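For the sequence shown, counting from 1, position 222 maps to 222 in full-length UniProt numbering; every step adds exactly one. C-beta: ideal position from N, C-alpha, C; glycine also. As the structure is a prediction and not an experimental result, all values here were calculated from the model. First up is the structure itself, then whatever we jot down about it.
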Amino acid sequence: MKTQQTVFKNNQWKTISENEGFVASNANWVLVFGERIVLETIKPFDYLKNLYPNADIVINSTSGEIYQDSVHDDSIIVTAIQFDKTLVKSVEIDINSHHESGIAGEKIAEALAGDDLRTIFIISDGARVNGSELIASLNKKTDEEILISGGLAGDAARFEKTLVGLNHNPEEGKIVAIGLYSKNLSVGHGTMGGWDGFGPEREVTESEYNILYKIGDVAALDLYKEYLGKYVEGLPGAALLFPLSMRETEDAEPVVRTILSIDEEKKSMTFAGELPKGSLVRFMKANFDRLIDASAKAAQDSIQPFGASPELAILVSCVGRKLVLGQRTEEEVEAAREIMGDETVITGFYSYGEISPLNSNARCGLHNQTMTITTLSEN
1 MKTQQTVFKN NQWKTISENE GFVASNANWV LVFGERIVLE TIKPFDYLKN
51 LYPNADIVIN STSGEIYQDS VHDDSIIVTA IQFDKTLVKS VEIDINSHHE
101 SGIAGEKIAE ALAGDDLRTI FIISDGARVN GSELIASLNK KTDEEILISG
151 GLAGDAARFE KTLVGLNHNP EEGKIVAIGL YSKNLSVGHG TMGGWDGFGP
201 EREVTESEYN ILYKIGDVAA LDLYKEYLGK YVEGLPGAAL LFPLSMRETE
251 DAEPVVRTIL SIDEEKKSMT FAGELPKGSL VRFMKANFDR LIDASAKAAQ
301 DSIQPFGASP ELAILVSCVG RKLVLGQRTE EEVEAAREIM GDETVITGFY
351 SYGEISPLNS NARCGLHNQT MTITTLSEN
């Protein structure tokens, strides 16, 4: 595997890294992560197609771009990948509403099924998709035997619209899935949150997709405000400091859900992911040092399959972490770099949801407020 990284910043393109022997016309997969308004303004696809004529080019909007061991805004990071022993096959699915998410997962699995399928990487619209249903459908259709990872596109902290595209300039309502086929490809993954839980676990008694109405016999927002105490005056922004931990069943692993908005009239809260009725939730709070340590742990988990540093690492972290960490955001990228070493090429973005298994098995899930890392090397 060989790579080339190019960045668009301050109205100009600049190559920032390139492996010896990289040939642009031999690149077969190009990842493009960029700020939404910049993508809409410069429409980079034609420029990139001219550079990499034989590659599948995947473009998505972000809530921040990751490259050169740091976090950037208002830029586009392009990572062109030249596989030597790996076949790339990509598919794009249109989606109009979250109700179509399960069917979209089935279509992706059917389109990418094949011998030597090693992993599926997903880049999805972050506004119209029920990520939980999408991934559950993919898990079922692949018999939980294929590693699935990726993320939901972002839109800074605006939450207006997200853009995704395969071999064209990105648009709303698209899901792109990339299948990598090889007996010579090693793939690693890691995902960690680093939040502290507090208070008892309680049952969701009334919800609709990602809108939470009641916990136990209390209106969700009323109970939430009771726990926030002095932070109530900072709502809705303060909600980023206090996400929810959610388990669909008593024997399930907990996942974190970010609060996107609150409705004072309906006393409800809207989350960046499904909270089904009957699930168990617990309040969480930010612990800055643990958030950064979690990034290092995710990196450590992601390099387990490799005897040396992986050749490529794709970091997908949550916009909520970026907003909470503020000026310390780059520390989580630096923590991952320290674990992986200087030889690994790093790219990534801040998202509206992260896609990865929680542990070493292949059952994937949708997460919020995590650092998720996918690592790749050919051998």
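Item: Using a Cβ distance threshold of 8 angstroms, determine whether the stretch 68-86 contacts the stretch 170-178, with at least three qualifying pairs required.; Value: no
Item: Would you say residue 392 and E338 are within 8 angstroms of each other, going by their C-beta atoms?; Value: Nothing about residue 392 can be read from this structure; the chain reaches only from 1 to 379.
Item: Would you give the residue range spanned by the alpha helix (DSSP H) that Y224 belongs to?; Value: 220-228
Item: Under DSSP, the alpha helix (DSSP H) around K297 begins and ends at which residues?; Value: 288-302
Item: Work out the CA separation of L325 and P44 for me, nearest whole Å.; Value: 30 angstroms
Item: Could I get the ranges of all uninterrupted beta strand (DSSP E) runs contained in the stretch 33-90, with 3 residues as the minimum, in chain order?; Value: 56-62, 65-67, 70-72, 76-82
Item: Taking the alpha-carbon positions, what's the L358 to L117 distance?; Value: 21 angstroms
Item: Run through DSSP, which three-state label would E145 get?; Value: coil
Item: Check each candidate in F22, L315, N287, E233 and name the one with the smallest Cα separation from M1.; Value: F22
Item: Under 8 angstroms, do L315 and G348 count as touching if we go by C-beta distance?; Value: yes
Item: Spell out a yes or no on whether the stretch 127-137 and the stretch 273-290 are touching, meaning 3 or more CB-CB pairs, one atom from each, closer than 8 angstroms.; Value: yes
Item: Check whether the stretch 36-43 and the stretch 91-110 are in contact - that is, three or more C-beta pairs closer than 8 angstroms.; Value: no
Item: Below 8 angstroms on the Cβ atoms is my guess for A298 versus T375; work out the distance and round it to an integer in Å.; Value: Rounded, the Cβ-Cβ distance is 10 angstroms, inconsistent with contact.
Item: Per the DSSP calculation, Q4 is bridged to which residue(s)?; Value: E18, A80
Item: Cα separation between S254 and S245?; Value: According to the sequence displayed, residue 254 carries Pro and not Ser. One C-alpha to the other measures close to 6 angstroms.
Item: Three-state secondary structure (DSSP) at Y213?; Value: strand
Item: When the Cα atoms are used, what is the spatial distance from A308 to I211?; Value: 44 angstroms
Item: Grab the span of the alpha helix (DSSP H) containing R118 for me, first residue to last.; Value: First-last for R118: 117-124, but that is the beta strand (DSSP E), not the alpha helix (DSSP H).
Item: For L48, which option in E311, N139, I81 has the closest C-alpha, if you only look at C-alpha atoms?; Value: I81
Item: First and last residue of the alpha helix (DSSP H) that includes K174?; Value: Looking at the DSSP string, K174 is not in any alpha helix (DSSP H); the run it does join, the beta strand (DSSP E), is 174-181.
Item: Would you mind sorting A252 into buried or exposed? The rule is 16 or more other CB atoms within 10 Å of its CB.; Value: exposed
Item: Rounded to whole angstroms, what is the Cα-Cα separation between L166 and N60?; Value: 9 angstroms
Item: Sorry if obvious, but does the Cβ on D73 come closer than 7 angstroms to a heavy atom of the ligand FMN?; Value: Questions concerning the ligand FMN fall outside what the structure shown contains, since it holds no ligand whatsoever.
Item: Report the rounded CA-to-CA distance for Q12 versus A156, giving the unit in angstroms.; Value: 21 angstroms
Item: Can the beta-carbon of S356 be found less than 8 angstroms from the beta-carbon of T191?; Value: yes
Item: Report the rounded CA-to-CA distance for R158 versus R282, giving the unit in angstroms.; Value: 27 angstroms
Item: Have a look at K230, S207, D125, Q300 and flag the residue whose alpha-carbon is nearest the alpha-carbon of M340.; Value: Q300
Item: Under three-state DSSP, which class holds T205?; Value: strand
Item: Can you grab the Cα-Cα spacing for the pair K225 / K277, in whole Å?; Value: 21 angstroms
Item: Nearest CA to the CA of N50: which residue from E35, W29, A24?; Value: A24
Item: One question on the structure: do I108 and L87 come within less than 8 angstroms of each other, judged by their Cβ atoms?; Value: no
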